[in-house]
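In terms of UniProt numbering, the numbers along the sequence shown are unbroken and rise by one, the last being 383.
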Amino acid sequence: MSDEHSTPVETKERSTADEPSTAKIIASVQAIAVETGIRSSDTVDVLAREAEDLRRKLEVERRKLNDVSIEQAAESLEPLTQLNIKQRRILKGHAGKVLCMDWSLDKRHIVSSSQDGKVIVWDGFTTNKEHALTMPTTWVMACAYSPSAQMIACGGLDNKCSVVPLSFEDDILQKKRSVATHTSYMSCCTFLRSDNLLLTGSGDSTCAIWDVESGQMIQNFHGHIGDIFAIDVPKSDTGNIFISGGADKHALVWDIRTGQCVQSFEGHEADINTVRFHPNNDAFATGSDDASCRLFDLRADRQVCVYEKESVLFPVNGVDFSLSGRILFAGYGDYRVGVWDSLKCVRHSVLYGHENRISCLRTSPDGTAICTASWDCTIRIWA
């Protein structure tokens with residue numbers, strides 16, 4: 001039987017075959033306790049205190065290096081000029097809340113997924129629908145275009161991520177195949193460098209890389225202690241990391257070669273709903289249910305800016321940067337898009353148009369437009 005027809009149980013067995021059992025982990029901890037003379041009942045508490053002490057010492061060292069804030073460094077910069085960003089297109093066709101969207105690298109086509117179980121491929125110039133697919137489950141929570149624009153990936157409450165080749169010749173649903181299977185809902189997905197590798201995040205607290213052709217898991221990533229809601233990969237083809245965020249309020253940086261978490265960032269006070277790399281790939285932004293966006297610097301290993309206003313009380317569900325990185329766009333639960341000066345850390349303007357919460361936001365590959373998806377059943381293009 002081929003891998004694409006493997007059952008969820010078989011897939012789960014493959015994904016966990018190389019993981020140490022809980023019994024082995026407990027035995028290892030107990031062995032360490034015996035060697036150090038610590039009672040087994042006290043081991044966890046002692047290790048937790050040691051970890052907290054190390055965290056405090058690390059924060060002290062970070063503060064020593066933080067001699068100037070990003071706002072102070074940007075004082076000499078000219079403020080942003082007036083931006084003439086307007087709503088240019090409205091894409092209508094979904095019968096339910098639009099949950100996710102993604103741009104094609106051709107800068108023209110958009111794929112969107114919805115609560116109604118539909119996945120639609122749009123021509124962003126004409127607003128025409130080029131493909132409309134009905135998936136076997138409602139709440140299709142994630143969708144992504146492949147780098148070649150020849151296929152899309154999507155998934156949701158069926159715990160799977162399916163890949164569909166795009167063609168006008170045949171019924172493309174007949175060519176749909178399941179590539180990834182998690183043990184809980186599939187919350188996010190993106191292609192990794194090529195059409196052959198797919199990265200997924202799930203409510204089972206794990207991320208995984210899959211071979212699109214065989215459907216086999218190549219690498220899995222364990223470290224979050226809550227649902228994963230967002231992932232992103234660097235815009236450069238040479239990077240070996242990706243970031244994830246979720247219900248545990250942490251953003252984690254992973255090494256795709258080893259499967260290990262190499263950096264962990266905290267600061268948010270609620271779920272992280274969205275993560276996005278800065279165009280220079282040395283920093284990333286997050287958006288959270290705590291109504292704030294935050295900028296984290298990978299080299300400084302710390303948070304460098306918070307984008308928030310006392311008058312804004314709604315969650316941030318989508319963030320992305322302008323092509324230069326100077327502007328940070330944020331989609332909120334109050335139906336609006338906030339336009340932030342990413343260096344001066346102040347809000348520049350607000351875009352109005354949606355009639356319900358914004359669920360996803362993406363800048364076009366050439367930086368000439370942004371696209372927003374919303375619970376008002378529409379996708380809107382701004383430029």
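Glycine included, C-beta positions come from ideal geometry on N, C-alpha and C.
{"query": "Could you pull the start and end residues of the alpha helix (DSSP H) that residue 73 belongs to?", "result": "70–73"}
{"query": "Using a 10 Å radius around the Cβ and a threshold of 16 neighbouring Cβ atoms, would you call residue 81 buried or exposed?", "result": "exposed"}
{"query": "Could you please give me the residues that DSSP links to residue 165 through a beta bridge?", "result": "151"}
{"query": "Could you check whether residue 259 and residue 228 sit closer than 7 angstroms to each other, using their CB atoms as the reference points?", "result": "no"}
{"query": "With a CB to CB cut of under 7 angstroms and the five nearest residues on each side skipped, what residues in its chain are close to residue 322?", "result": "363 and 367"}
{"query": "Mind listing, in chain order, the continuous alpha helix (DSSP H) runs of no fewer than 4 residues lying wholly within the segment 167–221?", "result": "none"}
{"query": "Where does residue 57 sit, in a helix, a strand or coil, going by DSSP?", "result": "helix"}
{"query": "Per the DSSP calculation, residue 277 is bridged to which residue(s)?", "result": "284"}
{"query": "In three-state DSSP terms, what is residue 312?", "result": "coil"}
{"query": "Find the nearest neighbour of residue 212 within the set 304, 238 and 146, judged by alpha-carbon distance.", "result": "146"}
{"query": "So, for residue 222: in the same chain, excluding its five sequence neighbours on each side, which residues have a beta-carbon less than 7 angstroms away from its beta-carbon?", "result": "206"}
{"query": "Assign residue 48 to one of three DSSP states: helix, strand, or coil.", "result": "helix"}
{"query": "Would you identify the three-state DSSP class for residue 379, choosing helix, strand or coil?", "result": "strand"}
{"query": "Measure the beta-carbon distance from residue 265 to residue 296 and round it to whole angstroms, keeping in mind my assumption that it falls under 8 angstroms.", "result": "5 angstroms"}
{"query": "Pop quiz: residue 249 and residue 271 are said to be a contact at Cβ under 8 angstroms. What is the actual Cβ separation, rounded to whole angstroms?", "result": "7 angstroms"}
{"query": "With a threshold of 7 angstroms on Cβ separation, who are the neighbours of residue 381 within its own chain once the five nearest residues in sequence on each side are excluded?", "result": "88, 89, 124, 369 and 371"}
{"query": "Do three or more CB pairs link the segment 95–103 to the segment 64–82 at distances below 8 angstroms?", "result": "no"}
{"query": "Buried or exposed: where does residue 136 fall if 16 or more other Cβ atoms within 10 Å of its Cβ makes it buried?", "result": "exposed"}
{"query": "Round the Cβ separation of residue 165 and residue 344 to the nearest angstrom and send it over; I've been treating them as touching at under 8 angstroms.", "result": "Not confirmed; about 45 angstroms, so no contact."}
{"query": "Name the one or two DSSP bridge partners that residue 145 has.", "result": "152"}
{"query": "Residue 319 to residue 120, Cα distance in whole Å?", "result": "22 angstroms"}
{"query": "Check whether the segment 39–53 and the segment 304–317 touch, using three or more Cβ-Cβ pairs below 8 angstroms as the test.", "result": "no"}
{"query": "Check the DSSP bridge columns for residue 101 and list the partner residues they point to.", "result": "112"}
{"query": "Out of 254, 184, 181 and 294, point me to the one whose CA is closest to residue 240's CA.", "result": "254"}
{"query": "Taking 6 angstroms as the limit between beta carbons, can you name the residues of its chain near residue 378, skipping five residues before and five after?", "result": "90 and 92"}
{"query": "Note down the Cα distance separating residue 334 from residue 373, rounded to an integer number of angstroms.", "result": "13 angstroms"}
{"query": "Grab me the residues of residue 299's own chain with a C-beta within less than 7 angstroms of its C-beta, minus the 5 sequence neighbours each way, in chain order.", "result": "282"}
{"query": "Answer with buried or exposed for residue 60, where buried requires no fewer than 16 other C-beta atoms within 10 angstroms of its C-beta.", "result": "exposed"}
{"query": "Quick one: measure Cβ to Cβ for residue 141 and residue 186, integer angstroms, because I've assumed they're closer than 8 angstroms.", "result": "7 angstroms"}
{"query": "Using the beta-carbon count (16 or more within 10 Å), is residue 153 buried or exposed?", "result": "buried"}
{"query": "With a threshold of 16 other CB atoms inside 10 Å of the CB of residue 168, please say whether the residue is buried or exposed.", "result": "exposed"}
{"query": "Ignore the nearest five residues each way along the sequence and tell me which others in residue 353's own chain have a CB closer than 7 angstroms to its CB.", "result": "87 and 380"}
{"query": "For residue 301, which beta-bridge partners are listed by DSSP?", "result": "DSSP, once it has assigned bridges, lists no residue as partnering residue 301."}
{"query": "Output the distance between the C-alpha atoms of residue 327 and residue 113, rounded to the nearest integer angstrom.", "result": "26 angstroms"}
{"query": "I need the DSSP call for residue 235, collapsed to helix, strand or coil.", "result": "coil"}
{"query": "Taking all protein chains shown into account, do 16 or more other C-beta atoms lie within 10 angstroms of the C-beta of residue 238, making it buried, or fewer, making it exposed?", "result": "exposed"}
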